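Chains as they are written, first to last, in the working numbering: chain P, 190 to 424; chain V, 190 to 424. Every residue, glycine too, gets a C-beta built ideally from N, C-alpha and C. Here the structure is a predicted model, which is why all the values come from computation and not from measurement. Everything on this sheet refers to the single structure shown next.
Protein chains: 2
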Amino acid sequence: MPQPAYVSIAGEIAKKIRTGKLSPGTQLHSYSEMAELYEVSGVVIRQAVALLLSQGLVRTIPRKGTFVAERPDLVRVSPERQFESVEGSFGNESDRHVHVDREVRRVSAGAHAEVLGITPEDTVVHVITKVTEDGRPISISDTYQPVARLETAPLFLEEAIADRHPTADHASWLGTAAGDLVKTVHQRFLSDAEDVVMISNVSYPRDRYSAFVFRMKLDDGREAVTWPATSNGKL
Amino acid sequence: MPQPAYVSIAGEIAKKIRTGKLSPGTQLHSYSEMAELYEVSGVVIRQAVALLLSQGLVRTIPRKGTFVAERPDLVRVSPERQFESVEGSFGNESDRHVHVDREVRRVSAGAHAEVLGITPEDTVVHVITKVTEDGRPISISDTYQPVARLETAPLFLEEAIADRHPTADHASWLGTAAGDLVKTVHQRFLSDAEDVVMISNVSYPRDRYSAFVFRMKLDDGREAVTWPATSNGKL
DNA sequence: AAGTGGTCTAGACCACGTG
DNA sequence: ACGTGGTCTAGACCACTTG
């Protein structure tokens, strides 16, 4: 077996959800039913469901059952996700139905020079990544990285999330109608010295994700925290 | 036992990490050692470590061990600094007339009970905050906090951002047309034990901010764990 | 050779919702 | 009374790293 059973099982279910074969609110089989169905022990099923839960695809209600979540949220609970390979993020759903196409070329910076803090004539590595699932486009991204900074490790990532009109290339590949908005994530990878090491513009079909979820640690003991319940905001 | 063993165990370790008793890179006990230490089976330890992993507090390296991770800080830099009071974030823009209106009342949890993990009859503090600038609405938020958790300090904040149809109250105050979308931020403040301490739903006029910008710290490209850990670094 | 995390088996009891 | 998800026990084998 190339991959763990619980990953395969989760992927199988995830695919049904994303392709719409299982619509939101649908109740899944019980743990014991699944265990029998997939011929594994209960622990494995629980691992699989835990994976689906972490991806926001299902939710469980104690003593009732497991249900398909309303809409998959794009979860960015941890910055490590940004370095996850696309294959890693989607790979467990693939019966080779997820396809990643990558083009790498070296071009001059042109219009991206200003953001990158270089001159338009400088050479950058331009990577175009296209992801399809069952032939339908999931995402497309353009990444630009100056060759002079190929060895510079990024330390910070800034993400700007918005519904925007896509570039012509993104629109045509995603197959959106003219004037349609898409969810975009503009990323700026910064080095220690606040220099922009790399930029990346990602587009998603607008209806694929209902929200972007972030999780952050709070500074405890800081008076600055808005704490409406108490009179002076002190924790 | 009030809470599951794996939660207690994870909490115990999490506390040591957050208080600095365990510094980044420190190697934790092995699964089997922990199982013996806490007098539970291996599965429970694995559940506990899985919880810590999902919180980004530790990271595991196969065939090597479990290590305290660098806690990546996720900081939202706009459109509003969540860590400052509303007055603080707008107050020093002296040339504008920013007004903050706050209503505080105690109500029963009702529909918000489920998210907060309480019963609908439980009492919550409901705070409505309205911000105007030069008389124009900037934002409106509803905050709900169970009275039983007024003293519980939140340690984590999860935010889901999306364009959504606002509640009737939000729509009427923001003055949006029926059917219009607004930018929403749904916040869940979590305590150490992963309990929801407070929720907050914020709406902004859709055209006020073009994007939400997040800034987060990345691990550097190497293995994030300082390796090898010091010989006596175990717990 | 010993130990690690990753995966898995084959059971079990509990509190609670549903019929 | 039965089924549910949640939790837990007490083992096991694997691929691999370390000493």
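Please report the straight-line C-alpha distance between residue 459 of chain V and residue 389 of chain V, rounded to a whole angstrom.
In this structure chain V extends from 190 to 424, so residue 459 of chain V is not present and cannot be described.
Is the region 303-320 of chain V touching the region 330-350 of chain V, taking contact as three or more C-beta pairs under 8 Å?
Contact holds: three or more Cβ-Cβ distances are below 8 Å.
Does any CB atom of chain P fall closer than 8 Å to the CB of residue 205 of chain V?
Answer no: the Cβ-Cβ gap between residue 205 of chain V and chain P never drops below 8 Å.
In the DSSP assignment, the beta strand (DSSP E) including residue 346 of chain P goes from what residue to what residue?
Residues 345-353.
Near residue 350 of chain P, what residues of its chain come up, given a Cβ to Cβ distance below 6 Å and the 5 sequence neighbours on each side ignored?
Cβ neighbours of residue 350 of chain P beyond the five flanking positions: 374 and 401.
Please return the same chain residues whose Cβ sits closer than 7 Å to the Cβ of residue 354 of chain V, not counting the five positions on each side in sequence.
Here the set comprises 370.
Three Cβ pairs or more, each shorter than 8 Å: is that satisfied between the region 228-241 of chain V and the region 193-208 of chain V?
Contact between the region 228-241 of chain V and the region 193-208 of chain V is present, because at least three Cβ pairs lie under 8 Å.
Does the structure place the region 340-347 of chain P close enough to the region 309-321 of chain P that three or more beta carbon pairs sit under 8 Å?
Taking 8 Å as the limit for Cβ pairs, the verdict is that the region 340-347 of chain P does not touch the region 309-321 of chain P.
So residue 144 of chain V contacts chain P; which residues on that side make the cut at Cβ distance below 7 Å?
No information on residue 144 of chain V is available, as it lies outside the stretch 190 to 424 that chain V covers here.
Applying the 10 Å Cβ sphere with the 16-neighbour rule, what's the burial state of residue 288 of chain V?
Residue 288 of chain V should be labelled exposed.
Establish whether the CB of residue 322 of chain V and some CB of chain P are separated by less than 8 Å.
So no, residue 322 of chain V is outside the interface.
Give a yes or no on whether 8 Å exceeds the smallest Cβ distance from residue 352 of chain P to chain V.
Closer than 8 Å: yes.
In this structure, does DSSP put residue 397 of chain P in helix, strand or coil?
Reduced to three states, the DSSP call for residue 397 of chain P is coil.
Please name the residues in the region 329-360 of chain V whose beta-carbon is closer than 7 Å to at least one beta-carbon of chain P, in chain order.
For the region 329-360 of chain V, which is checked against every Cβ of chain P, the residues closer than 7 Å are 332, 334, 339, 342, 343, 344, 345, 346, 347, 348, 349, 350, 351 and 352.
Tell me whether residue 331 of chain P sits in a helix, a strand or coil according to DSSP, three-state version.
Strand at residue 331 of chain P.
In the DSSP assignment, find the unbroken alpha helix (DSSP H) run with residue 372 of chain P in it and report its ends.
Residue 372 of chain P -> not in any alpha helix (DSSP H); beta strand (DSSP E) instead, spanning 371-379.
Does residue 225 of chain P come out as helix, strand or coil in the three-state DSSP assignment?
If DSSP states are grouped into helix, strand and coil, residue 225 of chain P belongs with the helices.
How is residue 292 of chain P classed by DSSP in three states: helix, strand or coil?
If DSSP states are grouped into helix, strand and coil, residue 292 of chain P belongs with the strands.
Measure from the alpha carbon of residue 251 of chain P to the alpha carbon of each residue in P:219, P:290 and P:211, then state which is nearest.
Closest by alpha carbon: P:219.
According to DSSP, simplified to helix, strand and coil, what is residue 218 of chain V?
Coil.
For residue 212 of chain V and residue 256 of chain V, I'd like the C-alpha separation in whole angstroms.
Taking the straight line joining both Cα atoms gives about 9 Å.
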